[in-house]
Amino acid sequence: MVKVNNAVSSKRRVARREHFNAPSHIRRIKMSTPLSKKLKEEHGAKAVPIRKGDEVKILKGKFKGVVGKVKKVVRLKYAIYVEGAQGEKSSGKTFEVPVNANHCQITKLYLDKDRKEILKRKQQAKQDKGKFTEATVQQQ
1386 MVKVNNAVSS
1396 KRRVARREHF
1406 NAPSHIRRIK
1416 MSTPLSKKLK
1426 EEHGAKAVPI
1436 RKGDEVKILK
1446 GKFKGVVGKV
1456 KKVVRLKYAI
1466 YVEGAQGEKS
1476 SGKTFEVPVN
1486 ANHCQITKLY
1496 LDKDRKEILK
1506 RKQQAKQDKG
1516 KFTEATVQQQ
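As structure tokens, then:
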């Protein structure tokens, strides 16, 4: 098999090292979560980085089917905390259980100015993908 990109290693140990030592801005992108079908059609994007305030549905694991707001995003642990996902100790106290961002689906986005701009940019890039006009062909 021929290596396609020389900048990316195919070694397991290197991939793991880069994953666990990734800086925060890379972890944000890695913690992207898929959107629901309705939101995909509305915003023209498959997935967006998760953030506090989004409403998610858990698709895998012990809390499968739980719908709730994202309380906290911990990039260091690659984990999110959802309102409905709680465990119980033997003493009766409840505690928050971390959930993998890839095991969720965003059902309602928390939209602010910056997030709207990101979605608009993604939608524009999708529309322009692979399309050439006569002007751009003549410039090349």
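Okay, so the sequence shown: first residue is 1386 according to the working numbering, each after it adds one.
Using N, Cα and C, we set each Cβ at its ideal position, and we do this for glycine too.
Measuring straight from C-alpha to C-alpha, what distance separates residue i and residue j?
i     : j     : result
I1443 : R1460 : 18 Å
T1521 : Q1512 : 16 Å
R1506 : S1476 : 50 Å
L1494 : K1388 : 38 Å
I1503 : R1413 : 14 Å
Q1509 : G1429 : 9 Å
E1403 : N1390 : 16 Å
K1422 : N1487 : 16 Å
V1393 : F1405 : 15 Å
A1407 : V1451 : 29 Å
E1426 : G1515 : 20 Å
R1398 : D1439 : 34 Å
A1400 : Q1525 : 37 Å
M1416 : S1395 : 21 Å
Measure the Cβ-Cβ separation of residue i and residue j and say whether it is below 8 Å.
i     : j     : result
T1479 : G1472 : yes
K1431 : V1458 : no
Q1490 : T1418 : yes
T1518 : V1441 : no
Quick check on the burial criterion: 16 or more other C-beta atoms within 10 angstroms. Buried or exposed for residue i?
i     : result
G1453 : buried
H1410 : exposed
V1433 : buried
V1455 : buried
Which one or two residues does DSSP pair with residue i in a beta bridge?
i     : result
P1408 : P1408 pairs with nothing; no bridge assigned.
F1480 : G1472
Q1490 : K1442
F1464 : Looking at the sequence provided, one finds Ala at residue 1464 rather than Phe. According to DSSP, A1464 bridges with V1459.
K1454 : E1440
Does any residue of chain D have a CB that is nearer than 8 Å to the CB of residue i?
i     : result
Q1508 : This model lacks chain D altogether; it includes just one protein chain.
Inter-stretch contact at 8 Å, needing at least 3 Cβ pairs: the stretch 1449-1466 / the stretch 1479-1488: Counting Cβ pairs under 8 Å, three or more are found: they touch.
Three-pair Cβ contact test at 8 Å for the stretch 1437-1455 versus the stretch 1498-1510: The stretch 1437-1455, when compared against the stretch 1498-1510, does not touch it at the 8 Å Cβ threshold.
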